[in-house]
Amino acid sequence: MSEQTQQDLITKVQELEARLEASLDAIAHLVKAVEYLRMNDSQGIFDLDLAKHALNEAGYQDALPTALPDWQSE
88 MSEQTQQDLI TKVQELEARL EASLDAIAHL VKAVEYLRMN DSQGIFDLDL AKHALNEAGY
148 QDALPTALPD WQSE
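Throughout the sequence shown, residue numbering follows our numbering, covering 88 to 161 in sequence.
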């Protein structure tokens with residue numbers, strides 16, 4: 088196993104902190120979306136889209152659906 092320099096470790100921690108921040112942002116949007124959807128407010132769809140964008144920013148694009156479900160058809 089190769090040794091990492093202190094600067095390499097600092098850089099890695101900063102990358103992980105940024106990803107964590109983006110993940111927490113996505114979670115906040117998901118919580119707001121659920122609250123709006125429970126009230127039958129279409130703002131929930133907007134917050135789902137914001138959550139998807141935040142997850143993309145965090146590097147989770149491979150785990151996301153290509154389109155949001157059609158909530159109005161249920």
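The C-beta atom is built at its ideal place from N, Cα and C for all residues, glycine as well.
A quick note: this is a predicted structure, and the numbers were derived from the prediction, not measured.
Inside the segment 90-139, DSSP marks no whole beta strand (DSSP E) run of 3 or more residues.
In the three-state reduction of the DSSP assignment, Ala141 falls in the helix class, which pools H, G and I.
Between Leu107 and Ala138, the gap from beta carbon to beta carbon reaches 8 angstroms or more. Taking all protein chains shown into account, Asp134 has 16 or more neighbouring C-beta atoms within 10 Å of its C-beta and is therefore buried. Ala113 counts as buried, since no fewer than 16 other beta carbons sit within 10 angstroms of its beta carbon.
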